[in-house]
Amino acid sequence: MDYFLWTGVIKNSAENKKLAALLEEAQKPKRNFLASLDGKSKSTKILIAKAGEKIMAGEVLIDILFPHENLNNQEPKNTNDTSVVSQLIFGNNEFLFTGDISSSAEKKLVNGGADLSASVLKVAHHGSKYSTSDIFLETVKPGIAVISVGKNSYGHPTQETLKRLEEFGIKILRTDTNGDVNMVSDGKNIILK
Numbered sequence: 370m371d372y373f374l375w376t377g378v379i380k381n382s383a384e385n386k387k388l389a390a391l392l393e394e395a396q397k398p399k400r401n402f403l404a405s406l407d408g409k410s411k412s413t414k415i416l417i418a419k420a421g422e423k424i425m426a427g428e429v430l431i432d433i434l435f436p437h438e439n440l441n442n443q444e445p446k447n448t449n450d451t452s453v454v455s456q457l458i459f460g461n462n463e464f465l466f467t468g469d470i471s472s473s474a475e476k477k478l479v480n481g482g483a484d485l486s487a488s489v490l491k492v493a494h495h496g497s498k499y500s501t502s503d504i505f506l507e508t509v510k511p512g513i514a515v516i517s518v519g520k521n522s523y524g525h526p527t528q529e530t531l532k533r534l535e536e537f538g539i540k541i542l543r544t545d546t547n548g549d550v551n552m553v554s555d556g557k558n559i560i561l562k
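With my numbering, you'll find the sequence shown wraps up at 562, consecutive numbering, no jumps.
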């Protein structure tokens, strides 16, 4: 693994302590199983995600849009709103990945002035009623919305979110009903596989 992108937020839990230990180990010169994954890099570079960061991967630009502030080593009350929001741009195609942000973070994004338009929106927080607001959809104007969701006790995706997406005329793809969602882009067209 060459890069690991995260917000730096530390939540006091056993799982996050394991992640922190893994990340610490990943930064050391590779003499372990990580070396066999790529055989090239000497260590993993950990990037603390913050709006304004840009990552080029060939012809693909990954533009980090959120969080707006550096969250490294913070423990915020609402960890959902510490999700990395990024826009992947390849030619004329834009894909917006929203993590688990709420409508509050969506509003910050809209007011932040970045170009949020996207052909494809990965719907925030599995289609929670607290995300995918009207103002956000008006700004992003996606043609396709992908909801990553499985069987759950939260009622995700909610009927409110599905209705909002339908009212905007957005094609909805759900992993619980459509299975894996695979798309291919040539920079001009997006093809669903």
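C-beta atoms are modelled at their ideal positions from N, C-alpha and C, and glycine is treated no differently.
In terms of Cβ geometry, Val518 and Thr544 form a close pair [threshold 8 angstroms].
Beta-bridge partners of Asn462 (DSSP): Phe459.
Comparing alpha-carbon positions, the option among Pro511, Thr546, Ile433, Glu444 lying closest to His525 turns out to be Thr546. In the DSSP annotation of this structure, the continuous segment of the alpha helix (DSSP H) that includes Ala474 starts and ends at 472 to 480. Shown here, Val518 sits in coil according to DSSP, grouped into three states, outside any helix or strand.
Going by C-alpha positions, Leu542 is about 6 angstroms away from Ala514. Sequence-distant Cβ neighbours of Ile559 in its own chain, meaning closer than 7 angstroms and more than five residues away, are Asn462, Ser488, Val489, Met552.
Assignment of Ile539 by DSSP, reduced to helix, strand and coil, places it in the coil class. If you draw a straight line from the Cα of Ile458 to the Cα of Ser472, it comes to about 23 angstroms.
Under the three-state reduction of DSSP output, Asp432 falls in the strand class. For Ala426, the secondary structure class from DSSP, reduced to helix, strand or coil, is strand. Minimum Cα-Cα distance from His495 among the listed residues Gln528, Phe464, Lys477, Ile504 corresponds to Gln528. Here Asp469 has Asn449, Ser452, Ala493, His494 as same chain residues with Cβ atoms under 7 angstroms from its own Cβ, once five neighbours each way along the sequence are excluded. Spanning the alpha carbons of Pro436 and Asn480 requires a straight line of approximately 13 angstroms. Take the alpha-carbon of Ile424 and the one of Gly556: they are about 17 angstroms apart. For the options Lys498, Gly512, Leu434, the alpha carbon positioned closest to that of Lys532 is the one of Lys498.
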